[in-house]
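Position one of the sequence shown corresponds to residue 0 (numbering that gives the first Met the number 0), numbered consecutively onward.
These notes are about the structure you will find just below.
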Amino acid sequence: MDIYEELAEAILAIKSDKNLKESFLKILEVGSYSQQVRVEKIYNEVIKFDPPAEVTLVLNLLKDDKIANLVYRELAQ
């Protein structure tokens, strides 16, 4: 499985859990954070919901601005 397939699975996992989706959207829409701070805030917010492994994988991918924007657009739909 390539990284894009893993990202797609992670987005689906996040979308399927209302709390995770809201947490990700809340942090991703705040544009003033650096990517490092944004990823740390998301991690701290979602870890309490015991996220699936796919979700923790996507946290590392969110360090890239383009991927973060893609994830935000997908979750906002």
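By construction, the Cβ of each residue, glycine as well, lies at the ideal position given by its N, Cα and C atoms.
Remember, predicted model here, so these are calculated numbers, not experimental data.
A67 and E53 have their C-alpha atoms spaced approximately 15 Å apart. Per the coordinates, the alpha-carbon of K14 lies some 16 Å from the alpha-carbon of E28. If you draw a straight line from the Cα of T55 to the Cα of D64, it is about 17 Å long. In the assembly as shown, F23 is a buried residue. Its beta-carbon has 16 or more other beta-carbons within 10 Å. In the three-state reduction of the DSSP assignment, K62 falls in the coil class.
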